[in-house]
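As structure tokens, the structure follows; a few thoughts come after it.
Numbering (this note's numbering), first residue to last: 0 to 655.
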């Protein structure tokens, strides 16, 4: 008979100083080295969990229960996908997943036989534990932490099935003791106290919400998939002490085949929320599940059928069921966040989802479309605060990317962010947008910091808030705070190239080039063709007066970005290296169709020792409100200008 080993640590030694209990009760099917534990929904191989999706588990269970019998496809659909509309390919995919988990292939099946056109049969030898059988194994404990091996059984007591009353009492007593011990253990391992004094009993600390996937490909809709995902992320990010990965970290999984445990490792999370969508007319069906990312076991799953018009109800159900499944004691603030619907107008919300999808493309065309759809959403619901805040972000990006002059784009961003806060004073996204305007356009550093701090207070797991606040502090020369917030942003979004690179930029501004170079080499190991990282690496080499490798990095960046990065940097690298004639020659031969900004010209003239021209161009950058000028107080290429009166005057104009 198979038994389950229960592993305890710490508290168990106080309750059972000399014993470990091994208890079995319920349905466990065993075959070869595998055990399917039905009650705990685990597939084990040599008592180690094997990753298996919820439907694959149900499918394997059905086949094991009918061992040796041909189970038809219709029977499998009605058993595993009750009342669900699914395609036959789903059955094939899940059978393939089971075969992979069991280590067999279709052409030479050891366990699952395919009967073409009919169904499947489990042909392996299955042993099932008796429902009323309990085994207790005793073993002396010499350490606080115990792991009982299967083949170490000094003493075994098997109770006869006829002793029904004694068996029941022993079963009740054994399970009561185990429940108390394991309950205390899980409580001690998983309990955290929230800032509001409530106690959160759980073992999940981080969640990745993967983009929902359409099962019927003809109705695929990127805007709906990613929009629903981002909305859920925003809601769940209000939960205390649970880190939620942002949409930027998960959107790449929208179309690819998923290895959930691999995704868990990559995103550094211990749980994953995923789901699929079936849409027929105005009806929408979501099948959602929350999984343990370490072993693939299901924490919770649910099927939700609603009219698309009730999309807010769907989000309410999912977010509240996630919180419930994690056994989180919600504060009033968290309940409010989970229930928060930014609009009740379904058409406005659809426009918002389309706009967010276009915004996430980060292209000139995508940003133009995002502005159009955000405005259409606002026309339908003038109280839609989140649409105003998102509109502000669109204007910020078209200014930052040079699509529109910052003197035109940033005032629009400010107006939209302020309107959002007029409607909703607790909207973190709007505070971050407003902080960026104060930082990059108004040069009101005090207000910028106040807005960043308020945003993080409202939404501690907002990675963009930590990222941009860290960058703001780095450009102010406040290195410790910058590194703290950028590190927090990296914890929340570990795969973000921009956050990882901006951490290196913070080191660069602090003249900690050794750490910057180390960080950039890590980035380039993961993404060797990331032009921005090559460019920043070259800048650090210039700061260290390593000009040959600097030029090599700039050339690499220029090749990878078609001249967006590296081309002007090659000029000033030669200037700082003392090759001024070559630098002037490169400047004179620079393509006429590629405009060099006043800020970049300021660096070039600084490298050539022409300080007056350099400062003249910095004043032009200031008048144009070029975002690149903000860190000039701590920007290494301008170190030689530090004592120039006009440079000091410019710092005063910028409140630096």
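All C-beta atoms in this analysis are idealised placements derived from N, C-alpha and C, irrespective of residue type, glycine included. Treat the numbers as computed from the prediction; the structure is a model and nothing was measured.
Using the rule of at least 16 other Cβ atoms within 10 Å of the residue's Cβ for burial, across every protein chain shown, is residue i buried or exposed?
i: residue 637; result: buried
i: residue 459; result: buried
i: residue 34; result: buried
i: residue 647; result: exposed
i: residue 642; result: exposed
i: residue 500; result: buried
i: residue 673; result: Here the chain comprises residues numbered 0 to 655, so residue 673 is not present and cannot be evaluated.
i: residue 288; result: buried
i: residue 435; result: buried
i: residue 404; result: exposed
i: residue 243; result: buried
i: residue 126; result: exposed
i: residue 659; result: Nothing can be reported for residue 659, as the shown portion of the chain is limited to 0 through 655.
i: residue 236; result: buried
i: residue 281; result: exposed
i: residue 513; result: exposed
i: residue 608; result: exposed
i: residue 57; result: buried
i: residue 355; result: buried
Could you check which residue in the options has the C-alpha nearest to that of residue i?
i: residue 278; options: 438, 114, 211 and 76; result: 211
i: residue 382; options: 413, 407 and 421; result: 421
i: residue 584; options: 592, 597 and 569; result: 569
i: residue 457; options: 472, 410, 425 and 429; result: 425
i: residue 694; options: 355, 601, 78 and 442; result: Here the chain comprises residues numbered 0 to 655, so residue 694 is not present and cannot be evaluated.
i: residue 432; options: 605, 471 and 388; result: 388
i: residue 654; options: 207, 249 and 444; result: 444
i: residue 486; options: 504, 465, 474 and 69; result: 465
i: residue 572; options: 594, 557, 596 and 540; result: 540
i: residue 269; options: 241, 481, 635 and 276; result: 241
i: residue 531; options: 544, 546 and 503; result: 503
i: residue 534; options: 559, 514, 525 and 524; result: 559
i: residue 657; options: 206, 257, 258 and 259; result: Any property of residue 657 remains undetermined from this structure, which presents the chain solely from 0 to 655.
i: residue 248; options: 639, 495 and 519; result: 495
i: residue 265; options: 78, 489 and 79; result: 489
i: residue 577; options: 546, 552, 556 and 70; result: 546
i: residue 208; options: 274, 258 and 395; result: 274
Is residue j closer than 8 Å to residue i when the C-beta atoms are compared?
i: residue 59; j: residue 49; result: no
i: residue 392; j: residue 358; result: yes
i: residue 604; j: residue 591; result: no
i: residue 408; j: residue 380; result: no
i: residue 582; j: residue 606; result: yes
i: residue 471; j: residue 454; result: no
i: residue 300; j: residue 53; result: yes
i: residue 474; j: residue 508; result: yes
i: residue 617; j: residue 631; result: yes
i: residue 245; j: residue 492; result: yes
i: residue 263; j: residue 276; result: no
i: residue 353; j: residue 372; result: yes
i: residue 98; j: residue 107; result: no
Helix, strand or coil: how does DSSP classify residue i here?
i: residue 48; result: strand
i: residue 595; result: coil
i: residue 207; result: strand
i: residue 114; result: strand
i: residue 34; result: strand
i: residue 605; result: helix
i: residue 510; result: coil
i: residue 291; result: strand
i: residue 41; result: strand
i: residue 490; result: helix
i: residue 150; result: In this prediction, residue 150 has a pLDDT of 33, which is less than 50 and means its spatial position is unreliable; nothing more can be read from the coordinates.
i: residue 272; result: strand
i: residue 565; result: coil
i: residue 637; result: helix
i: residue 68; result: coil
i: residue 362; result: coil
i: residue 588; result: coil
i: residue 651; result: helix
i: residue 57; result: helix
i: residue 304; result: strand
i: residue 127; result: strand
i: residue 522; result: helix
i: residue 213; result: strand
i: residue 377; result: helix
i: residue 22; result: Unreliable positioning characterises residue 22 in this predicted model, as indicated by a pLDDT of 34, which lies under 50. The coordinate reading is nonetheless provided below. Three-state DSSP puts residue 22 in a strand.
Start-end ranges of the beta strand (DSSP E) lying completely within the stretch 452 to 486, minimum 3 residues: Fully enclosed beta strand (DSSP E) runs of no fewer than 3 residues are not present anywhere in the stretch 452 to 486.
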